[in-house]
Amino acid sequence: MSVRDHFRAHGRKRMELEATLLDQEGRARGVTIRDLGLGGAGIEVLERDISANAGNELTPDTSVTLEVTTPSLWDPLRLNGTVAWIRRGTPGGRRTRVGIRFEHHDAGTLLALFQILS
Numbered sequence: 011m012s013v014r015d016h017f018r019a020h021g022r023k024r025m026e027l028e029a030t031l032l033d034q035e036g037r038a039r040g041v042t043i044r045d046l047g048l049g050g051a052g053i054e055v056l057e058r059d060i061s062a063n064a065g066n067e068l069t070p071d072t073s074v075t076l077e078v079t080t081p082s083l084w085d086p087l088r089l090n091g092t093v094a095w096i097r098r099g100t101p102g103g104r105r106t107r108v109g110i111r112f113e114h115h116d117a118g119t120l121l122a123l124f125q126i127l128s
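Position in the sequence shown (first residue = 1) + 10 = the working numbering.
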């Protein structure tokens, strides 16, 4: 899909927020959220977690949970979604970037996400 044909239903807010990405087997990876919106997030996977999880690569359409901890919430916010796209990094260079598409099934989670974005 070309950039001109791409659009988002919900805007994203740029930020730098540490979080944890859990895959289907419950393996955790440290990530940095680079942009966040009601529909999804753009994240960077930390270098140490790429090598530690070798062979457990993320692929598009993989179900994941993004766990976000912020000072404004009592408990971590768990956002369920799927991997929409991946841009692999280079050793010692670019970090791996991943796009997550959220699947909202709970109004409380959506409200908490809205409050983080406000």
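Beta carbons: idealized from backbone N, C-alpha and C, even for Gly.
For residue i, the residue or residues it bridges with in DSSP
i, result
"Ser73", "Thr92"
"Glu3", "As shown, the chain starts at 11 and ends at 128. That puts residue 3 outside it, with no answer to give."
"Phe112", "Gly91"
"Arg97", "Arg107"
"Ile53", "Ile43, Val108"
Alpha carbon of residue i to alpha carbon of residue j, nearest angstrom
i, j, result
"Leu87", "Leu76", "8 Å"
"Leu5", "Ile126", "The chain is shown from 11 up to 128; residue 5 falls before or after that span and cannot be answered."
"Val74", "Leu32", "6 Å"
"Glu67", "Asn90", "18 Å"
"Val93", "Gly49", "12 Å"
"Glu113", "Leu121", "14 Å"
"Asp116", "Gln34", "19 Å"
Identity of the residue in the options nearest residue i by Cα
i, options, result
"Leu4", "Leu27, Ser73, Gly50, Gly91", "The chain is shown only over 11 to 128; residue 4 falls outside these bounds and no answer can be derived."
"Arg24", "Ala38, Arg44, Arg39", "Arg44"
"Thr80", "Glu35, Gln34, Gly36, Leu123", "Leu123"
"Asp136", "Trp95, Thr100, Gly118, Arg104", "Nothing can be reported for residue 136, as the shown portion of the chain is limited to 11 through 128."
"Ser128", "Gly36, Arg97, Pro101, Ser82", "Ser82"
Helix, strand or coil at residue i according to DSSP, with G and I counted as helix
i, result
"Thr119", "helix"
"Leu83", "coil"
CB-CB length for residue i against residue j, believed under 8 Å
i, j, result
"Thr42", "Ile53", "7 Å"
"Ile110", "Ala29", "10 Å between Cβ atoms; not a contact."
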